[in-house]
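Peer 1:
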Amino acid sequence: MGYFNPARSRSDPQRTADRWVFCSMRCLDTFSRVMARLTGLQEDAVVDPTEMEIAAMHAALAPLGDFVVSVGLDRPLADYRKEEVLRLIEVVVDAYQAHMIEEHERLAAKERAYFEARLSSQPSSSGGLR
29 MGYFNPARSR SDPQRTADRW VFCSMRCLDT FSRVMARLTG LQEDAVVDPT EMEIAAMHAA
89 LAPLGDFVVS VGLDRPLADY RKEEVLRLIE VVVDAYQAHM IEEHERLAAK ERAYFEARLS
149 SQPSSSGGLR
């Protein structure tokens, strides 16, 4: 699967100079949306978050709130020092990533249990290798 810049005409020799190759349609589609926004062919190209990503955003709200309370609720974001803004970003990203990791591990354990149950329910072969 590949991508070329549709903003360039077919006769433009540079059209194929910025060719990209992708591993999946999802990666190709995401890249195409970003390129369309960057080249002006599409405005506001945003990849919609998955349910898991939305849940991770919600999981980041409590740590974000705790940080804002520690800095002071009466202070606007524009008054935060650079260190405070960086810490705010760290708090949100850490909480988001922690939720995503936890959810991926939970799903992996669920899939592992499913496949182990499938394997254990299959009759064992008596004609194994000797």
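Under the working numbering, residue 158 is the last one in the sequence shown; the count climbs by one each step, no gaps.
No residue lacks a Cβ here, since even glycine has one placed at the ideal position from N, Cα and C.
No experiment lies behind these values; they were computed from the predicted model shown.
Go to Q150, then tell me how far its alpha helix (DSSP H) extends in each direction, as first and last residue.
Peer 2: The residue labelled residue 150 in the question sits at position 122 within the sequence shown. Run containing Q150: none; DSSP gives neither H nor E here.
Peer 1: Could you give the distance in angstroms between the alpha-carbon of S52 and the alpha-carbon of S60?
Peer 2: Along the sequence shown, read from residue 1 onward, the residue named residue 52 stands at position 24. Along the sequence shown, read from residue 1 onward, the residue named residue 60 stands at position 32. Taking the straight line joining both Cα atoms gives about 12 Å.
Peer 1: Looking at the structure shown, is A83 part of a helix, part of a strand, or coil, going by DSSP?
Peer 2: Counting from 1 along the sequence shown, the entry for residue 83 is found at position 55. Note: A83 maps to helix in three-state DSSP.
Peer 1: In whole angstroms, what separates the C-alpha of D57 from that of T78?
Peer 2: Taking the sequence shown and counting its residues from 1, one reaches residue 57 at position 29. Taking the sequence shown and counting its residues from 1, one reaches residue 78 at position 50. Each residue's alpha carbon lies about 15 Å from the other.
Peer 1: Would you decide whether A106 is buried or exposed? Buried here means 16 or more other CB atoms lie within 10 Å of its CB.
Peer 2: On the sequence shown, position 78 is the one that residue 106 refers to. With fewer than 16 other Cβ atoms within 10 Å, it is exposed.
Peer 1: For R54, which option in E144, D76 and K110 has the closest C-alpha, if you only look at C-alpha atoms?
Peer 2: Looking up residue 54 in the sequence shown gives position 26. Per the Cα distances, D76.
Peer 1: Taking all protein chains shown into account, decide if Y142 is buried (16 or more other Cβ within 10 angstroms of its Cβ) or exposed.
Peer 2: As a first step, residue 142 must be located in the sequence shown, where it is residue number 114. Counting Cβ neighbours within 10 Å, Y142 comes out exposed, since fewer than 16 surround it.
Peer 1: Please report the distance separating the alpha-carbon of A126 from that of F50.
Peer 2: Sequence index remark: in the sequence shown, residue 126 carries index 98 (1-based). Sequence index remark: in the sequence shown, residue 50 carries index 22 (1-based). When rounded, the distance between both Cα atoms is 28 Å.
Peer 1: Contact criterion: CB-CB distance below 7 Å. Does V113 meet it with respect to chain D?
Peer 2: The question asks about chain D, but that chain is absent: this structure has only one protein chain.
Peer 1: Could you tell me if A123 is buried or exposed, where buried requires 16 or more neighbouring beta carbons within 10 angstroms of its beta carbon?
Peer 2: Counting from 1 along the sequence shown, the entry for residue 123 is found at position 95. Buried is the call here.
Peer 1: In this structure, how does DSSP classify V121 when only helix, strand and coil are distinguished?
Peer 2: Position 93 of the sequence shown, counted from the first residue, corresponds to residue 121. The answer is helix: DSSP assigns V121 an H, G or I state.
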